[in-house]
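Presented below is the structure to which this report refers.
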Amino acid sequence: MRHSKGNLILELDMSKAYERVKWKFLYAILEKMRFLARFIALIKHAIKHYWFTILVNGEPFGFFKSSQGLRQGDSTSPALFILASEALSRGLNHLSSQNPDMFYQMGCKTRVTHLAYVDDIIIFTRC
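My numbering applies: residue 19 is where the sequence shown begins, and numbers increase by one.
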């Protein structure tokens, strides 16, 4: 009896992912991609020094700092988010090179591991 593996397609919506980017992870990516130490220090300073407040009955109440995530609306956030997404993409590519049978294979021996666009990623794998 022959058993063939089925294919699985996972779609990840990363629209809320800005808020979940860990700063230490981002710094490690910047170092791994060989950004200058001075540039990394500038990024660290920029994202660590944001203060937030909440409105209670329309009035500002207290201030607090964030400990993770990228601020939406900040001009550097999209580029930093793309770098974090690139780490995921490279990780999937590495996984596919180590485990070639794990990912979906189309005709002509073309292997597709994933597709990414803006804040969506589709991962093609086998069950």
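Backbone N, C-alpha and C fix where the C-beta goes; we use that ideal spot for every residue, glycine too.
{"Check": "Please state whether DSSP places Leu113 in a helix, a strand or coil.", "Outcome": "helix"}
{"Check": "Using the DSSP secondary-structure output, state which residues sit across from Gln123 in a beta bridge.", "Outcome": "Arg129"}
{"Check": "What is the rounded straight-line gap between the Cα of Gln156 and the Cα of Trp41?", "Outcome": "For the chain, the structure presents residues 19 to 145; residue 156 sits outside this window and is missing."}
{"Check": "Mind the definition here: the region 80-94 touches the region 54-66 only if three or more C-beta pairs lie below 8 Å; say whether that holds.", "Outcome": "yes"}
{"Check": "Bridge partners of Trp69, per DSSP?", "Outcome": "Lys83"}
{"Check": "Residues in its own chain within less than 8 Å of Met32 by CB, not counting five upstream and five downstream?", "Outcome": "Ser103, Asp137, Asp138 and Ile139"}
{"Check": "Do Ile141 and Leu98 have their beta-carbon atoms positioned less than 9 Å apart in this structure?", "Outcome": "no"}
{"Check": "Can you say whether Phe82 is buried or exposed, counting buried as having 16 or more other CB atoms within 10 angstroms of its CB?", "Outcome": "exposed"}
{"Check": "Which residues in the same chain as Thr128 place their Cβ atom closer than 7 Å to its Cβ, once the five residues preceding and following it in sequence are excluded?", "Outcome": "none"}
{"Check": "Using beta-carbon positions only, say whether Leu88 and Tyr45 come within less than 9 Å of one another.", "Outcome": "no"}
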